[in-house]
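Reading through the structure tokens given below for one structure.
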Amino acid sequence: MADATLITGPLLRFAGDPFATSWENAVLIDTDGAVLVEAGFIRAVGSAGALATAHPDVTRVHFGPDHLICPGFVDAHVHYPQTAIIASWGKRLIDWLNTYTFPEEMRLSDPDYAKAIASRYLDLVLTHGTTTVASYCTIEPHSVDALFDAAAGRNMRIVAGKTCMDRNAPDGLRDTAQSAYDDSKALIDRWHGTGRAHYAITPRFTPTSTPDQLAALGALWAERPDCLMQTHLSEQIDEISWVRELHPQARDYLDTYEAHGLLGERGLYGHAIHLEPREIDRLAETGAALVHCPTSNTFIGSGLFDMTGLTARGIPVGLATDTGGGSSFSMLRTMAAAYEIGQLRGTPLHAAQLMWLATAGSARSLHLGDQIGTLAQGFEADICVLNLASTPAIAQRVDQASGFWEAVFATIMMGDDRAVAGVWVAGERQPAASATAI
Ligand code: GUN
Ligand code: ZN
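If you're matching positions, the sequence shown starts at 137 in our numbering and goes up one per residue.
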């Protein structure tokens, strides 16, 4: 097998959905595991001894017992244009958008700045072990080109779309119903299915789109049902009141999307914290996915997502940083925040559920669950290896761990990019990640 690599060490495997069945049955750790990578794909997963015997001539990369070979993290909701304003102080959603976000998104009107931010963003996420993101761009088509170009240069599987806004946004950050339709359609033709690129039709949220624009984008989605559609839903109470004023005839927030053709199985609804029972019923009926953004929900002060209740209804849920409303690029930090929100609701998540959410769960929400997010034969070789003793503080905790999951949990709660020991994208090891193979 020319150019094949056998990565050996403790390995994370999935046998099911840990929200639909017990986590012990769904998420497994092979302490002596191996994954065989060739030509961008996973050719085999099994025990290190058996695969090494079967493939004696391949390149070997071994990670010791304090490591975990995982799928690359999948971040199901981000705003790459907000990279440079992450961690901006003291505002809640609408003020935060007006004060920090819109001025920064305006700066990306400069195509060179957009390219620089797209590259900076993807380099940052790769060093954090994230190999796929679903990103909002700005209203400028060149901001979409910048991200897809940067992703193609790194061979990353990326979902992205032009953010559409034709009201309640400043001059220079508004399109129209017609230009949003035309530009989005041209971008779909240019990018959707090109290499590893996927297009998501992207109305920012109800307050910044006229009913005409929502309808135009609903019509575009009906023409291109193979695309995803991403937007925001019920993030803050003030926002929901505003939506009610703008759409007095709507039954609820979700109805403002449904009435314009923007509710469907390939729809992704970020945040979804303050849902009405009818909205939950409709989401469950349509198969639409929600995206939980825990560091954002605490940072902007939005509220506590009901992971246990919503997954119990069978609603697919992805996990996301929501950079830069979220306060981190790290999916480890994001899992920690999801755990903390679960604690505040009295329903703590197990480390196995958190790891699944950050990989296979997010991939499923993006309808990419048969390509990425799982280490299994035939999947694409997007891989992240965690060092479970990456700092003295974590290492001393791991010394006292009574099992592997206790060690994984310490890295979830306390880890950051220093815990990322290796990243492979489509089978290529990334130079940016520190090489700590032992
Ligand atoms: N709602 C509409 N736009 C945004 C955004 O950029 N970030 C967050 N967190 N919520 C939004
Ligand atoms: Zn968002």
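No residue lacks a Cβ here, since even glycine has one placed at the ideal position from N, Cα and C.
If you're wondering where the values come from, they're calculated on a predicted model, not measured in any experiment.
A straight-line Cα-Cα distance of about 9 Å links residue 353 and residue 321.
Here the alpha carbons of residue 192 and residue 473 stand approximately 43 Å from one another.
Closest by C-alpha distance to residue 236, out of 259, 447, 251 and 219, is 219. Between the alpha carbons of residue 333 and residue 295 lies a gap of roughly 6 Å. Put simply, the backbone Cα of residue 462 is about 10 Å away from that of residue 469. The beta-carbon separation of residue 141 and residue 195, rounded to 5 Å, stays under the 8 Å limit for a contact. Rounded to the nearest whole angstrom, the C-alpha separation of residue 449 and residue 161 is 20 Å. Relative to the ligand GUN, the nearest heavy atom lies less than 7 Å away from the CB of residue 233. In the structure shown, the three-state DSSP call for residue 340 is coil. If you check the CB distance, residue 214 and residue 271 come in under 8 Å.
Contact annotation, residue 420 with residue 455: C-beta distance approximately 19 Å; criterion of less than 8 Å not satisfied. The DSSP assignment places 373-382 and 389-394 as complete runs of the alpha helix (DSSP H) inside the stretch 363-394, in order along the chain (cut-off: 4 residues).
Bridge partners of residue 271 according to DSSP: 214 and 296. When C-beta atoms of the stretch 282-301 are compared with those of the stretch 328-345, three or more pairs fall below 8 Å, so the two segments count as touching. Distances between the C-beta of residue 211 and the heavy atoms of the ligand ZN are all 7 Å or more.
Distance from the CA of residue 229 to the CA of residue 317, rounded to the nearest whole angstrom, comes to 26 Å. One Cα belongs to residue 231, the other to residue 159, and the distance between them is close to 40 Å. Annotated three-state conformation of residue 543 is helix, per DSSP. Looking only at 366, 312, 341 and 423, the smallest Cα-Cα distance to residue 383 is reached by 341. Under the DSSP assignment, residue 453 falls in the beta strand (DSSP E) whose first and last residues are 453-455. Distances between the C-beta of residue 458 and the heavy atoms of the ligand ZN include at least one below 7 Å. Between residue 518 and residue 561, the beta carbon gap of about 6 Å places them in contact (Cβ cut-off 8 Å).
When the Cα atoms are used, residue 483 and residue 512 turn out to be separated by approximately 30 Å. Selection 535, 171 and 175 evaluated against residue 183 yields 171 as nearest (Cα-Cα). When secondary structure is reduced to three states using DSSP, residue 450 falls in the coil class, being assigned neither helix nor strand. Runs of the alpha helix (DSSP H) spanning 4 or more residues and lying entirely within the stretch 469-498 occur at 487-492, in chain order. Taking a 10 Å sphere around the C-beta of residue 189, we find fewer than 16 other C-beta atoms and assign the residue as exposed. If you draw a straight line from the Cα of residue 403 to the Cα of residue 552, it is about 30 Å long. In the three-state reduction of the DSSP assignment, residue 183 falls in the strand class, which pools E and B. Note on residue 480: under 16 other CB atoms within 10 angstroms of its CB, so exposed under the neighbour-count rule. In this structure, DSSP gives residue 156 a state outside helix and strand, which the three-state scheme calls coil. Contact between residue 520 and residue 556 holds, since their C-beta atoms are separated by about 6 Å, short of 8 Å. Counting along the chain, residue 194 sits inside no alpha helix (DSSP H), nor does DSSP assign it H or E at all.
Judged by DSSP in its simplified three-state form, residue 326 adopts helix.
Listed in chain order, the non-local C-beta contacts of residue 489 below 8 Å within the same chain comprise 154, 155, 159 and 163, local neighbours out to five positions each way being set aside.
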